[in-house]
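The listed protein sequences correspond, in order, to chains U and L.
Terminal number for the first sequence in the working numbering: 112, no gaps in between.
Terminal number for the second sequence in the working numbering: 741, no gaps in between.
Take a look at the structure below.
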Amino acid sequence: MQYLVSVIDDKSGSGTPEEGAAIDAFNERLEAEGHWVFAGGLAGPESATVIDNRGEEAIFTDGPFVESKEYLGGFWIIEAADLDVALKLAAAGSKACNRRVEVRPFQ
Amino acid sequence: MSAASVQEAVSQAHRNEWARLVASLTRRFGDLDIAEEAAAEAFATAVVRWPADGIPPNPGAWLTTTAGRKAIDRIRRESKRDDKQREAQLLYDDDPPSPAEAVDDERLRLIFICCHPALALESRVALTLRMVAGLTVPEIARAFLASEAAMGRRITRAKAKIKAARIPYRVPSAEDLPARVSGVLYVLFLVFNEGYLATGHDTDPVRHDLIAEAIRLARLIHVLLPQDGEAAGLLALMLLTEARRAARISASGELVTLAEQDRGTWDATLIAEGHALVRERLAAGVAPGRYQILAAISAVHTSARDVRHTDWSQVVALYDQLVSLDPSPIIALNRAIAVAELDGPEVALAAVDRLEGKLAGYHAYHASRADLLRRLGRGQSSRAAYDKAIELAGNTAETAYLIRRRDELA
Chain U
6 MQYLVSVIDD KSGSGTPEEG AAIDAFNERL EAEGHWVFAG GLAGPESATV
56 IDNRGEEAIF TDGPFVESKE YLGGFWIIEA ADLDVALKLA AAGSKACNRR
106 VEVRPFQ
Chain L
332 MSAASVQEAV SQAHRNEWAR LVASLTRRFG DLDIAEEAAA EAFATAVVRW
382 PADGIPPNPG AWLTTTAGRK AIDRIRRESK RDDKQREAQL LYDDDPPSPA
432 EAVDDERLRL IFICCHPALA LESRVALTLR MVAGLTVPEI ARAFLASEAA
482 MGRRITRAKA KIKAARIPYR VPSAEDLPAR VSGVLYVLFL VFNEGYLATG
532 HDTDPVRHDL IAEAIRLARL IHVLLPQDGE AAGLLALMLL TEARRAARIS
582 ASGELVTLAE QDRGTWDATL IAEGHALVRE RLAAGVAPGR YQILAAISAV
632 HTSARDVRHT DWSQVVALYD QLVSLDPSPI IALNRAIAVA ELDGPEVALA
682 AVDRLEGKLA GYHAYHASRA DLLRRLGRGQ SSRAAYDKAI ELAGNTAETA
732 YLIRRRDELA
């Protein structure tokens, strides 16, 4: 079962070197224990573009799809047997990146 | 066979077998929905069949067989659906089923899945009352003053999250057990409190059904986890509180304070059982948690022949212990009320007034101030505090008591 662990952020480019090192260590643990699928940090929401191509031509809109104080700062996709395992890993991830995280199962 | 005796047999089977039935069906079919529906159908069948066929010699076995057939019928009906999809929706359970495993463990699994921390607290309460206690959705809705539709949705959403997020059907590991047990106990504590001091201007002041369910589930947890001190403590607390039930509400529907209760009407059997549990925990020599301390406080009160014989220094000492575990302002308020008996209302009032910032919206804060001000002869301030308490109180018996007290002020 795969889970998306979203990192909730409110300031772009605010990661510290200590947080970076802790995230690296956490990623290594995910790989070593077989939970790693994919992960990445995202540039700030000001760099986003929304595309709507449901009509006749694609419309591009500058900025994120929802304006809010908090946004997706990065994510992990992890492999975990069940929610209890995912929650433990997410708790360790929250500690490592020093941010709140959200866990959601893939369908 | 009389209709009444069959009805009694069905209710008794419901009390004794519901949780076991839902738990074993969940284990067998890997789906809370199927388990709940099949268990309910089995009882509905019993209501129809038992009057005609007689009460089966082993009602539990009869219900298990009947419910198992109902579940298989439903799965067959749905088998047109993609099997793979159905399989993906089955509950995750990584332990191989073992026939030697105690049936009781299955009920524990059920309790733990219903009280999982990833579910909202109110969903945990609702799901536990439905799946473990066997209350119907309308009964749960009434208990929490919600509409049936809203309560039904809450339970459905919780079951859907369990499936989609794959909340496991198992007893937590030893490492996680204390935190998870404490989550379960908190759910039972909430159910009990809602029964003991029911909210709502149009409801009965005491909801006996909720109290009875909370005690039944606390007994079950205590039996299943006999080593857990807090489970024993919570059961003792409930028993010692329930023991005073008859004395707590007057004939006119007014709350009667501990000091004014007729102690002769307290239930001696429940008190003896509660005291035995408290003594057992004391003898265990392990530092007590909050429920054990609350139970010990209740034990001090229920040991006193009348209010003047209450060992208030013991009560305050126990509250001191509680404050060091839980610095919440509500505990501090209760401690101050005990301090009034030991050091007088003036000292207590000073302690209560310090809590204003945190408790200004809590009726018991104003009710305690009103009482202390009354004892200090400050009638006008007392009246204002009673007014505020009456405005905030949500329990009919308590409101009636507060109004009488206010109107008795000179």
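C-beta atoms are modelled at their ideal positions from N, C-alpha and C, and glycine is treated no differently.
A quick note: this is a predicted structure, and the numbers were derived from the prediction, not measured.
Taking 9 Å as the CB-CB limit, is residue i close to chain U?
{"i": "Pro428/L", "result": "Caution is warranted here: a pLDDT of 46 is assigned to Pro428/L, below 50, making its placement in the model unreliable, and the coordinate value is therefore given only provisionally. For Pro428/L, the answer is no, since every Cβ of chain U falls outside 9 Å of its Cβ."}
{"i": "Pro503/L", "result": "yes"}
{"i": "Pro499/L", "result": "yes"}
{"i": "Asp364/L", "result": "no"}
{"i": "Asp593/L", "result": "no"}
{"i": "Ala433/L", "result": "Reliability of the predicted coordinates at Ala433/L is poor, the pLDDT of 49 falling under 50, and no value is obtained from them."}
{"i": "Asp702/L", "result": "no"}
{"i": "Asp507/L", "result": "yes"}
Can you pull the chain U residues whose beta carbon is under 7 Å from the beta carbon of residue i, in chain order?
{"i": "Ala496/L", "result": "Leu88 and Pro110"}
{"i": "Ala449/L", "result": "Leu88 and Leu92"}
Could you tell me whether the Cβ of residue i comes closer than 9 Å to any Cβ of chain L?
{"i": "Leu92/U", "result": "yes"}
{"i": "Val106/U", "result": "no"}
Considering only C-alpha positions, which residue in the set the options is nearest to residue i?
{"i": "Cys445/L", "options": "Val353/L, Pro557/L, Asp384/L and Glu470/L", "result": "Val353/L"}
{"i": "Val631/L", "options": "Ala614/L, Gly616/L and Tyr650/L", "result": "Tyr650/L"}
{"i": "Pro448/L", "options": "Lys492/L, Ala472/L and Val463/L", "result": "Lys492/L"}
{"i": "Leu441/L", "options": "Arg511/L, Ile580/L, Gly391/L and Met482/L", "result": "Arg511/L"}
{"i": "Gly399/L", "options": "Glu437/L, Asn524/L, Phe523/L and Thr357/L", "result": "Thr357/L"}
{"i": "Met520/L", "options": "Gly564/L, Thr633/L, Val617/L and Phe443/L", "result": "The question names Met, but residue 520/L in the sequence shown is Phe. Per the Cα distances, Gly564/L."}
{"i": "Phe65/U", "options": "Ser52/U, Trp81/U and Asp87/U", "result": "Ser52/U"}
{"i": "Gly584/L", "options": "Thr730/L, Gln652/L and Leu458/L", "result": "Thr730/L"}
{"i": "Leu686/L", "options": "Glu672/L, Ile668/L and Gly675/L", "result": "Ile668/L"}
{"i": "Leu733/L", "options": "Ala577/L, Ala681/L, His697/L and Pro388/L", "result": "His697/L"}
{"i": "Gly361/L", "options": "Ala682/L, Ile403/L and Arg639/L", "result": "Ile403/L"}
{"i": "Leu703/L", "options": "Thr727/L, Pro676/L, Asn726/L and Ala728/L", "result": "Pro676/L"}
{"i": "Asp535/L", "options": "Arg501/L, Met569/L and Gly725/L", "result": "Gly725/L"}
{"i": "Asp55/U", "options": "His40/U, Gly68/U and Ala44/U", "result": "First, the amino acid is wrong: residue 55/U is Val here, not Asp. Cα-wise, what sits closest to Val55/U is Gly68/U."}
{"i": "Ala344/L", "options": "Ala369/L, Val378/L and Leu673/L", "result": "Val378/L"}
{"i": "Val337/L", "options": "Trp381/L, Glu739/L and Ala369/L", "result": "Trp381/L"}
{"i": "Glu739/L", "options": "Ala720/L, Arg714/L, Ala728/L and Ile721/L", "result": "Arg714/L"}
{"i": "Asn347/L", "options": "Ser333/L, Ala392/L and Thr572/L", "result": "Ala392/L"}
Whole-angstrom Cβ separation of residue i and residue j, contact assumed at under 8 Å?
{"i": "Ala574/L", "j": "Trp597/L", "result": "5 Å"}
{"i": "Leu476/L", "j": "Thr530/L", "result": "7 Å"}
{"i": "Lys689/L", "j": "Pro658/L", "result": "Going by Cβ atoms, the distance from Lys689/L to Pro658/L rounds to 11 Å, so no, they are not a contact pair."}
{"i": "Ala474/L", "j": "Arg538/L", "result": "6 Å"}
{"i": "Gly620/L", "j": "Glu561/L", "result": "4 Å"}
{"i": "Val647/L", "j": "Val678/L", "result": "Not a contact, Cβ separation roughly 11 Å."}
Let me check you understand the geometry: is the CB of residue i closer than 8 Å to at least one non-hydrogen atom of the ligand SAM?
{"i": "Ala335/L", "result": "Questions concerning the ligand SAM fall outside what the structure shown contains, since it holds no ligand whatsoever."}
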